[in-house]
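**Q** Per my numbering, the sequence shown starts with residue 1, numbered consecutively.
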Amino acid sequence: NTAGIWRAVPQASKCTADGTNPVNGRNGGENYMTLASPAKDNFSTMIVNDSEYPMEYKIQTKNMKLAEDQNLEIWETRAADDGAFNENYMKCIGTAKADDNGVYTVKVKPYSAVTVTTLQVADDEEHTKALPVEGERVVLDTDRTGSKQDVESDYLYADDFEYAGKTVPVLDGKGGFTGETEDYIQSRGGDTGAMARYTHTMNGAFEVYKTQSGEHVLRQQTDITETGVGGSWNSGAPVTLIGDFRWTNYKASVDVLFEREDVKNYAAVAIREMGGSHNITSASGYTFKLYPDGKWELYRKAKKVVTGTCDAKTQFDAGANQWNTITLEGKGNTINAYVNYTLVGSYTDEQPITAGRIALGSSNVYTQFDNLEVKKLDGYVPYCTELLDNMEQYDLSAQKNTKLEYNDKWLHTNGQGMYVYQRSVSKNTDNGATLTYTFTGTGLEILGEMKKTCTVQMTVDGNQQAKQETQKSANMNMTVAVTDLAYGKHVVTVEVLDGTLAVDMVGILGAKHTQKEPDVQPTKRPNVKPTQTPSVQPTVKPTAAPQQTPKADRPNNPKRGTKVNKNIGVYQVTKAATMKKAGTVKLSGLNKKYKKAAALVIPDKIKIGAYQYRVTAIGTKACQGIKASKVTLGKNVKEIGKYAFRKAKNLKTFVVKGKLTKVSKNAYKGCKHKIKLKGSTAAVRRANLKKLKKSGYKKFSR
């Protein structure tokens with residue numbers, strides 16, 4: 001080790017916490033780790049005491065090159081006493097001296113972390129200067145360009161994705177700048193795919209893209225037909241998030257264009273998104289989807305609440321390469337959906353989701369978005385001016401000013417789930433629990449997951465309000481609130497009368513917006529014949545109308561999971577069929593006759609009643625112990641399950657007509673002979689051979 005890098009010393013390290021996540025919770029045992037320099041002239045031992053009792057450690061060095069009078073500095077981090085939150089953060093609290101036997105004694109306070117080190121750095125500014133304290137996080141509230149903060153405008157945010165004339169400084173690679181500038185889009189990826197401002201893409205690839213007309217749009221750039229990419233990591237379709245989750249009442253509009261005329265494609269805008277899922281509908285309070293044929297759907301979370309089809313009033317242009325504008329508006333508990341600025345659907349939510357950012361979504365097909373606008377609503381509160389974590393009982397100032405005030409009937413816990421804000425939550429332990437907060441605004445919301453309701457009573461500025469029942473809510477969603485107060489300073493107390501209240505966050509509603517400019521709806525974006533050639537032509541001619549799910553009373557249409565005995569054996573439905581589209585099944589087992597057959601042929605498809613089903617998989621143990629020396633798989637079989645052909649001791653020829661995508665481990669365990677692979681083209685056979693050998697059985701050949 002010539003670089004001087006310190007190394008861990010396992011013999012002087014110990015962890016008594018169990019499991020793969022030992023930091024989640026306390027165990028009260030001995031937990032420490034030692035690092036030493038390769039020259040043996042310095043070491044540091046980090047000790048964690050996660051118990052309520054003081055602990056004492058004795059440290060003795062061996063084979064180290066330390067001075068005879070070497071002292072150890074003791075650095076401590078623990079919770080604040082009565083001062084600022086960081087008053088006990090990384091403080092040198094003294095030194096330890098060795099006794100006559102060369103032993104250092106170190107006492108570690110309850111719930112503290114201590115570093116004992118030979119380094120003499122107590123006077124170094126690097127270790128003693130306090131870190132900056134986080135300041136106010138302003139709400140995203142811009143002018144009509146989206147580039148400048150402007151709390152007086154009618155906009156919350158806007159983006160036309162052109163970034164015309166915008167430049168950024170060029171980095172010099174040494175922590176500074178060269179003095180030169182670079183075009184904004186080029187610095188973020190270039191014209192074929194640049195990172196858009198303020199976007200957080202969860203699935204898919206939403207990038208700024210220059211069309212052949214010279215305009216820049218936000219394009220969703222995964223396309224399952226063109227590239228085979230899409231849905232690789234999870235089942236969620238493409239979605240990107242934009243904005244501030246403190247936003248409350250607003251309308252979001254965006255122009256959308258489909259590059260393919262496939263009725264399964266959709267473009268979506270969502271509002272009041274607070275996370276909790278990679279699916280746009282599950283994560284968002286409300287989602288509006290539009291399809292190329294003019295059909296639309298309005299969702300409350302994952303539930304479809306209103307549907308319809310665009311009529312002549314909307315001036316909707318169907319098909320590919322046509323621009324239309326979709327808008328979703330949240331006014332309190334009323335949600336309105338528009339196509340080309342014409343109202344098409346409305347929904348009133350008795351248990352509203354009140355806050356969150358916006359989301360844009362599509363299927364895994366090239367889809368364009370442009371001219372995004374998020375606007376405030378006249379007479380409504382556009383956002384929370386404060387969003388406090390449940391643990392914010394004091395501010396971060398040196399004065400330690402009081403914020404949320406709980407009485408003694410609460411339990412505050414951390415280490416909660418990933419969708420719990422800051423992973424902490426407060427729950428009352430008894431009736432009569434109170435939470436008080438003094439703020440400036442027009443209202444207060446309690447947000448947190450509530451699977452059951454409870455009864456609370458609000459007191460506003462000393463005036464007791466009527467009792468009210470909380471609403472059921474998901475993580476980071478509102479469960480109870482007091483609203484429509486006159487803007488100003490207020491003191492609100494929430495008292496739990498019956499049941500359990502979960503406090504994850506407390507939101508403070510700001511002033512209502514007064515519209516500055518008349519809300520004149522623009523005319524529909526014109527659709528001139530595009531100069532841009534679509535990047536991909538459809539591989540199949542689209543149907544004239546969307547494929548409808550058959551009526552529930554249509555006979556002999558087995559649902560997913562149903563098992564049917566047909567021809568050679570038992571099949572399990574993996575995807576239900578419709579009258580216009582075949583479903584899929586996997587072979588789950590063979591009938592006795594076919595287990596003993598000298599040759600086995602698994603069909604391309606089967607018919608169940610009036611419906612067609614493609615045979616796409618061989619299930620676990622489906623063909624275990626067969627007597628056949630030759631097996632032929634139909635062209636639709638893509639997957640072979642675990643132990644599917646185990647102990648097929650006579651198997652010598654394996655014909656695969658299609659391309660395999662998955663062959664499970666041990667699918668051929670216990671086979672005896674070399675197995676000749678046949679079927680399909682040479683290239684596909686090579687790919688199939690590779691898949692088959694990865695199952696663990698190496699005696700396959702072409």
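All residues carry an ideal CB built from backbone N, CA and C; glycine is no exception.
Can you pull the DSSP bridge partners for Lys584?
**A** Within the sequence shown, residue 584 is the residue found at index 584, counting from 1. Before going on, a small fix: residue 584 reads as Thr here, not Lys. DSSP lists Lys575, Arg614 as partners of Thr584.
**Q** When you compare each of Tyr299, Gly294, Ser664, Pro352 to Thr325 by their alpha carbons, which one comes out closest?
**A** Here residue 325 corresponds to residue number 325 of the sequence shown, with the count starting at 1. Answer by Cα proximity: Gly294.
**Q** For Ile74, report the span of its beta strand (DSSP E) as first-last.
**A** Start at 1 with the first residue of the sequence shown, and residue 74 comes out as number 74. It spans 72–78 - the beta strand (DSSP E) in which Ile74 sits, taken as one unbroken run.
**Q** Tell me the DSSP secondary structure of Thr11 in three-state form.
**A** As a position in the sequence shown, residue 11 is number 11, starting the count at 1. First, the amino acid is wrong: residue 11 is Gln here, not Thr. Helix.
**Q** Provide the residue(s) that pair with Ile242 in DSSP beta bridges, ordered along the chain.
**A** In the sequence shown, the residue the question calls residue 242 occupies position 242. Answer is Thr199, Ile358, bridged to Ile242.
**Q** Excluding five sequence neighbours on each side, which residues of the same chain lie with their C-beta closer than 6 Å to the C-beta of Ala337?
**A** Within the sequence shown, residue 337 is the residue found at index 337, counting from 1. Excluding positions up to five away in sequence, the list reads Phe288, Leu298, Leu328, Val344, Gly345.
**Q** Inspect the CB distances between the region 397–405 and the region 360–374 and report whether three or more fall short of 8 Å.
**A** Segments in contact, no.
**Q** How should Asp124 be labelled, buried or exposed, when 16 other C-beta atoms within 10 angstroms of its C-beta is the threshold for buried?
**A** Against the sequence shown, residue 124 aligns to sequence position 124. Result: exposed.
**Q** For Glu126, does the three-state DSSP call read helix, strand or coil?
**A** Taking the first residue of the sequence shown as position 1, residue 126 is located at position 126. Here Glu126 sits in helix by DSSP.
**Q** Rounded to whole angstroms, what is the Cα-Cα separation between Asn63 and Gly193?
**A** Taking the first residue of the sequence shown as position 1, residue 63 is located at position 63. Taking the first residue of the sequence shown as position 1, residue 193 is located at position 193. Between Asn63 and Gly193, the C-alpha separation is close to 58 Å.
**Q** So, does the CB of Lys593 fall closer than 9 Å to a CB anywhere in chain D?
**A** The question asks about chain D, but that chain is absent: this structure has only one protein chain.
**Q** Which ranges does the beta strand (DSSP E) cover as unbroken runs of at least 3 residues, wholly within the region 620–648, from first to last along the chain?
**A** Taking only runs of at least 3 residues, the beta strand (DSSP E) segments lying wholly in the region 620–648 are 630–633.
**Q** Quick one: measure Cβ to Cβ for Cys671 and Lys649, integer angstroms, because I've assumed they're closer than 8 Å.
**A** The residue given as residue 671 occupies position 671 in the sequence shown. The residue given as residue 649 occupies position 649 in the sequence shown. That pair is a contact at about 7 Å.
**Q** DSSP three-state label for Arg711, please.
**A** With the chain running from 1 to 702 in the structure shown, residue 711 is simply not present.
**Q** To the nearest angstrom, how far is it from the Cα of Lys148 to the Cα of Thr281?
**A** Looking up residue 148 in the sequence shown gives position 148. Looking up residue 281 in the sequence shown gives position 281. One C-alpha to the other measures close to 30 Å.
**Q** Suppose you measure from the CA of Met505 to the CA of Leu633; what does that come to, to the nearest Å?
**A** Sequence index remark: in the sequence shown, residue 505 carries index 505 (1-based). Sequence index remark: in the sequence shown, residue 633 carries index 633 (1-based). Taking the straight line from one Cα to the other gives about 57 Å.
**Q** In this structure, how does DSSP classify Thr309 when only helix, strand and coil are distinguished?
**A** For the purposes of this step, residue 309 is identified with residue 309 of the sequence shown, where counting begins at 1. In the structure shown, Thr309 sits in a strand (DSSP, three-state: E or B).
**Q** Which one or two residues does DSSP pair with Trp296 in a beta bridge?
**A** Counting from 1 along the sequence shown, the entry for residue 296 is found at position 296. In DSSP, Trp296 forms a bridge with Leu290, Gly308.
**Q** So is His490 buried or exposed if we call it buried at 16+ other beta carbons inside 10 Å?
**A** The count along the sequence shown starts at 1 and reaches residue 490 at position 490. When all chains shown are included, His490 counts as buried.
**Q** Is it the case that the Cβ atoms of Val420 and Met458 are separated by a distance below 9 Å?
**A** Along the sequence shown, one-based indexing puts residue 420 at 420. Along the sequence shown, one-based indexing puts residue 458 at 458. No, Cβ-Cβ distance for Val420 and Met458 is not below 9 Å.
**Q** Among Ala79, Asn27, Ala98, Arg78, which has the Cα closest to the Cα of Tyr57?
**A** For the purposes of this step, residue 57 is identified with residue 57 of the sequence shown, where counting begins at 1. When only C-alpha atoms are compared, the closest one is Ala98.
**Q** When the Cα atoms are used, what is the spatial distance from Pro169 to Gly176?
**A** In the sequence shown, residue 169 corresponds to position 169, counting from 1. In the sequence shown, residue 176 corresponds to position 176, counting from 1. Approximately 10 Å between the Cα atoms of the pair.
**Q** In chain order, what residues of the same chain have a beta carbon less than 7 Å from the beta carbon of Asn428, not counting five sequence neighbours either side?
**A** By 1-based counting over the sequence shown, the position of residue 428 is 428. Cβ within range, chain order: Lys409, Trp410, Val496, Thr500, Leu501.
**Q** For the candidate residues Ala610, Thr342, Asp498, Leu447, whose alpha-carbon lies nearest to that of Val425?
**A** Reading the sequence shown from its first residue, position 425 is the one you call residue 425. Of the listed residues, the one whose Cα sits closest to Val425 is Leu447.
**Q** Rounded to the nearest angstrom, what separates Leu692 and Arg260 at their Cα positions?
**A** Against the sequence shown, residue 692 aligns to sequence position 692. Against the sequence shown, residue 260 aligns to sequence position 260. Straight-line Cα distance between these residues: approximately 36 Å.
**Q** Are the CB atoms of Ser37 and Trp75 nearer to each other than 9 Å?
**A** As a position in the sequence shown, residue 37 is number 37, starting the count at 1. As a position in the sequence shown, residue 75 is number 75, starting the count at 1. No; because the gap between Cβ atoms is not below 9 Å, this pair is not in contact.
**Q** Residue range of the alpha helix (DSSP H) that Thr281 falls in?
**A** Residue mapping note: residue 281 aligns to position 281 of the sequence shown, counting from 1. Note, Thr281: alpha helix (DSSP H), 280–283.
**Q** How far does the alpha helix (DSSP H) with Lys691 in it reach, from first residue to last?
**A** For the purposes of this step, residue 691 is taken as the residue at position 691 of the sequence shown. Residues 682–693.
**Q** Hey, is the region 238–256 in contact with the region 346–363, meaning 3+ C-beta pairs nearer than 8 Å?
**A** Because the criterion of three Cβ pairs below 8 Å is met, the region 238–256 and the region 346–363 touch.
**Q** Please report how far the alpha carbon of Asp154 lies from the alpha carbon of Glu517, in whole angstroms.
**A** On the sequence shown, position 154 is the one that residue 154 refers to. On the sequence shown, position 517 is the one that residue 517 refers to. Using only the alpha carbons, I get a separation of about 7 Å.
**Q** Exposed or buried, Glu449, counting other C-beta atoms within 10 Å across all chains shown (16 or more means buried)?
**A** Residue mapping note: residue 449 aligns to position 449 of the sequence shown, counting from 1. Buried is the call here.
**Q** Among all the DSSP beta bridges, which residues are the ones paired with Met46?
**A** Residue mapping note: residue 46 aligns to position 46 of the sequence shown, counting from 1. Note: Met46 sits in a beta bridge opposite Met33, Thr115.
**Q** Residues in its own chain within less than 7 Å of Lys14 by CB, not counting five upstream and five downstream?
**A** Here residue 14 is taken as the residue at index 14 of the sequence shown, counted from 1. Cβ within range, chain order: Glu30, Asn31, Tyr32.
**Q** Over what stretch of residues does the alpha helix (DSSP H) that includes Ile5 continue unbroken?
**A** Indexing the sequence shown from 1 puts residue 5 at position 5. Note, Ile5: premise wrong, no alpha helix (DSSP H); not H, not E.
**Q** Starting from Lys593 and walking both ways along the alpha helix (DSSP H), at which residues does that stretch end?
**A** On the sequence shown, residue 593 is found 593 positions in, with the first residue counted as 1. That run of the alpha helix (DSSP H) goes 592–595.
**Q** Are the region 116–123 and the region 200–220 in contact at 8 Å, needing three or more beta carbon pairs?
**A** In short, these stretches do not touch, since the Cβ pair count stays below three.
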